[in-house]
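For reference, each letter of the sequence shown is one residue, going 4 to 972 in our numbering.
C-beta: ideal position from N, C-alpha, C; glycine also.
These numbers were taken from a predicted model, which means no experiment stands behind them.
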Amino acid sequence: MDVQHGETFTLHPTAGATNADELQEVTVSNVEAALFQLYFEPDMEHKNAAQKWLSQAQASAQAWHFCWALLGPDKLPEVQFFGASTLHAKISSHWSDLPADQHERLRAQLLSHILHFSSGPKMVLTRLCVALASMALNLIPHVWSQPVADIVRAFQPQGPEGTQDPQQHCLALLELLVVLPEELRSSRLAQSRRGQLREALAGEWGAVCSLLRQLLQSQDSSIRVKEKVLRCLSSWVGLDVPLGETQELLQDCFATLSNPELFDTAVETIVGTISKSDCQRYGNSLWSLMPLVLGLHDQLKTAAQDGDMETSHGICRIAVAMGETHCRVLLEQVEHWQQYLALVNMILFCTGIPGQYPINETTSSLTLTFWYTLQDDILSFEEGKQDIYLQVYRPVYFQLVDVLLRKCHYPSQEEYNSWTCDDKEQFRIYRVDISDTLMYVYEMLGGELLSELYERLGRQLTEPQRSAHWQETEALLFGFQSIAETIDVNYSDVIPGLIGLMPTINITNVMLADTLMYTIGSLAEWLADHPVMLGGTLAMVLQGLARPELSVSSVSTLKRICRECRYDLASYTQDILNVSQDVLLKDIHKSSQCMWLMQAMGFLLSALPADKILAKVHSLIGPHVQQLDTLARQPADPASKQPIIRILGMLSSLFTALDVKQPADVLEGVARSAPTHPQSTLNPVVVVLQQTYALIQNILSKWLEDSEVVEAVCGVFDKSIRTLLRDFGPLVAQLSETLGQMYSAFPQASALDLASQMVHIFAGEHHHLTAIKSLVEVLTASTLAIFPQGIRDHPDVAESFMYLHAQILKRKPELYLEWDRLDANALFHCGIVSLQFPETSTVKAASHFFNEWFPRCQDVPPLGEVLQRDGKLLTESILHAVGGGSPRSLTDHFSEVLLSLSRHCPHLLSRWLQEVLQSPGFPAAHVSAEQKRDFTQKLLREQSNKRHVKETVKEFSLLCGGLQGSGRH
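Written as structure tokens, this is what we have:
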């Protein structure tokens, strides 16, 4: 490099500069110095300055010239790479700058340099190839009609660089052929132009294919050349070249699978080629490949026996790609049914491949979606044809069940304990996939599958020599659970027998006990229809509840039973409450399971007669409320924080499920005598909250500045409101006052969220309107005071504030007419500020706020007046954000606001856009006036199609970022 290591290069680029007059002089030495600073300078500020200057230098007119100097043989690879990258940048983004009479010279220079760099460095060669590919895309088809033929000719021995190293030249040629389709796929092009180029390149596939076959079959071709040939085929397949024109080359690829050095690349190429859905149009070509796929079965078996995971994995991918992608086409060729059945059996072998997933095999998981595809296609045929296929494939699916149940076996407890957390998680996901597959298989096999599982389980539990293998019992229960989880098994006659067998299962093994619990849970709906079977199953669940190692499975199962069978649990209620209270007081379960358990108690108690609920609730929560009272009397101490949050969470969970309102289908049912609750009495939850209100206020007074405790307190009321709805009414006035005082003292988002819920339920209730109105006034005044002082540090508050007022605008917009102290102008500006946040959730909330504001402007004049006055500022803020002031991921939310403006006030938006966009350099320096006009016209044209508006705004955002407009549109 020309710059010495001790030399410092000072950059003073003008912000936004894009041409030579605005830059520090763009010379080869300055570019090299900047590259040195970028790669080797430790100071990040200097690196960033160099990066910015180099980007501007690349965009300058001088770049067409200095790039060649940087490619000199005496330059460092990093410098040469920048030179090649600059060439590509100029050709792809500034093609129109180059006069047409220089095109031929540029092509010759590129070819010459590619030949020169054919021996490396590889990164420079690749960038030069991409540059030439980009040039070809600019000239095809009218200026450069046959680029492939011309390029191949240039690389012949009589080419400009002679034949000093034919293999390197061959590799360089193949690299060019690889990147040509890739550049087409990655370039931003109009759809019509992309189609034109794809058609032109596909027209040259014959010449490419002939060359690739020649190289692949040649004894003189090295492994590197053959590997590059395979990659080249993969690249060109993306152009949708017909399978019939690829068939012979693809057959050659199968031959390379016997070479370990080419195996992985050959697999990728074959899978990529036969996975193209349009291959289905070429049935004869597919069948010509079938013997080649089936011919891999012996290699597959050998690899499985030898524990060669890589080989078995690769062959399995090929078989699945063939069988799954073209399943229906291959099934329909009835005359070839034996060949396809052989392929299905080959895939079945892959599903049952020896080894324990994921320790010493990972192949079986690749096959699971195939079984769904095959079943789905078979069941989609008309009845007569379907019967024929079922006769052939039902026996295969019964074999599949055996295989899946074996593959989901746990290892021994000792071995399982030695697994890493990642291994255990992979195995868990694998079993979920098997569970889904068994559910699909049930669609094919129906009740016979459950009968088969039941008979096997019966034999397993009654034959002494088999009972020691707990894994088999667990797998069979897992199979039942997988099916019962999502399929209605009410009509099955084996479920009573299954439940009868359950008490005989020795559940000393934790994993077996876990699965037993989950299986009972999956049968909760069946138990609701067969309550006579509840006693035995419930006893097992309550026993499991006392075992910490069964915490998740036992608690979740009890919750499901209490939810589904609540009206049949009256005789078991006290036992359930006693065991639950006992395990809660002994701290057997983690916090999250305690929440689930309280939800279960809520379902259970809500089914009791009204006069018994309150006493049971007091009995259940009494010890916990007493503990909460003790904690509340103590000074705020970090040690007491989590117990307080835990108890409040338990109350929230209880109130979430303690719903005494009866659904219509239950009240009308004649099979059950569900209790009714007179409306004149207070809801039990309301009574409890009234009784504990002083205690909760005491907690708030001591923990007011702790967001987690405040959130837990708000959660108690929020969950209660969501469950009770209007029955919460007696607490509205008291809670409104507390909430206002609490927020005024220390604003927190959870208070705003709770207020939004209150507005949603009670804003339409006349007798609650005064309390709601006062609450919102207090919250709004306090929040408006925060915005100028540092709202950026509280994006959650801004977000919740936006949602609160969006809720008011939606539910009761006329309140804005009644509020003398409400500053609608300040509220509007809060929305603008919130739109400028980098957090997605805050911007989304602000977008929602404005989308509720605009439709109300006509009915609520103060809102319309603010929009008339400050709508231009809003428009300017949005365009600034779209132009680069905010992350591009937020563009869709800005689009929604612009669409809403266009829909509700198109004339105003038209004027604001015109005024804002006429400012030079806004929203980005290099967006032309014509592009701004085009954006405005497209935006104003749409008042309903959200997708079109999003595309328009996204395209404009890309233009502002300099990421569109390559000249090839």
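Terminal residues of the alpha helix (DSSP H) in which residue i lies
i    : result
V34  : 31-43
T684 : That residue, T684, is in no alpha helix (DSSP H); it is neither H nor E in DSSP.
E207 : Neither: E207 is in no alpha helix (DSSP H) and is coded neither H nor E.
W422 : Premise fails: W422 is in no alpha helix (DSSP H) and is neither H nor E.
M976 : Since the displayed the chain opens at 4 and closes at 972, residue 976 lies outside it and no answer follows.
T249 : Run containing T249: none; DSSP gives neither H nor E here.
C173 : 169-189
H119 : 106-119
Q394 : 386-410
S96  : 80-96
Q59  : 47-62
T507 : T507 -> no alpha helix (DSSP H), and no H or E assigned at all.
G482 : 473-487
L866 : 864-883
L904 : 894-907
S137 : 125-142
I591 : From DSSP, I591 is part of no alpha helix (DSSP H); its letter is neither H nor E.
V228 : 226-240
C70  : 66-73
R156 : 150-157
F852 : 843-856
W374 : 371-382
T560 : 554-567
Close-in-space but distant-in-sequence residues of the same chain around residue i (CB under 7 Å, 5 per side omitted)
i    : result
V956 : V885, T894, F897, S898, L901
Y360 : S367, S368, K410, F430, Y433
H972 : A caution first: H972 carries a pLDDT of 35, below 50, which makes its placement in the model too unreliable to give a value.
F483 : L456, L501, T522
Q742 : Here residue 742 is Leu; the residue named in the question, Gln, does not match the sequence. Same-chain partners within the cutoff: A754, L757, A758, L778.
A827 : Y819, P865, L866, V869
R795 : none
L14  : Only weak support exists for where L14 lies, its pLDDT of 42 falling under 50; the coordinates are left without a value.
Proximity below 8 Å, CB of residue i to CB of residue j
i    : j    : result
A766 : I775 : yes
F158 : L176 : yes
L728 : I764 : yes
A801 : S837 : yes
T365 : V406 : no
Y445 : L452 : yes
L214 : K229 : no
Q250 : W290 : no
Q61  : T30  : no
G732 : H771 : yes
I811 : Q760 : no
P909 : Q871 : no
L912 : L943 : yes
L623 : D578 : no
Residues of its chain near residue i, where Cβ-Cβ distance is below 6 Å and the 5 sequence neighbours each way are ignored
i    : result
Q554 : In the sequence as presented, Gln is not what sits at residue 554; that position holds Ser. So the qualifying residues of the chain are H592, Q596.
P687 : I616, L617, V620
D730 : N686
P681 : Caution applies to P681, whose pLDDT of 46 falls short of 50 and renders its modelled position unreliable; the model cannot decide the point.
V673 : For V673, the pLDDT reaches just 33, beneath the cut-off of 50, and the residue's location in the model is therefore unreliable, leaving the point undetermined.
T518 : E477, L480, F481
A487 : S525, L526
Any non-hydrogen atom of the ligand COA within 7 Å of residue i CB
i   : result
Q65 : The ligand content of the structure shown is nil, which means the ligand COA is not present either.
Anticipated Cβ contact below 8 Å, residue i with residue j, distance rounded
i    : j    : result
L131 : L113 : 6 Å
C401 : L333 : With the sequence shown as reference, residue 401 is identified as Phe, and Cys is not the correct amino acid for it. In fact, because the Cβ distance is near 22 Å, the residues do not count as touching under 8 Å.
E477 : M514 : 6 Å
F790 : C833 : 5 Å
I117 : L109 : With a Cβ gap of about 12 Å, I117 and L109 do not count as contacting.
Beta-carbon proximity list for residue i, same chain, < 8 Å, skipping 5 on both sides
i    : result
L142 : H106, P150
Y575 : L537, G538, L541
L265 : I226, K229, E230, L233, T259
Would you list, in sequence order, the uninterrupted beta strand (DSSP E) runs of no fewer than 3 residues that lie entirely inside the region 317-363? none
Every unbroken alpha helix (DSSP H) within the region 808-833, with a cutoff of 4 residues, ordered by chain: 818-821
Ignoring anything shorter than 3 residues, give me the beta strand (DSSP E) runs that lie fully in the region 512-545, in order along the chain. none
What are the uninterrupted segments assigned as alpha helix (DSSP H) that are 4 or more residues long and contained completely in the region 726-760, given in chain order? 735-748
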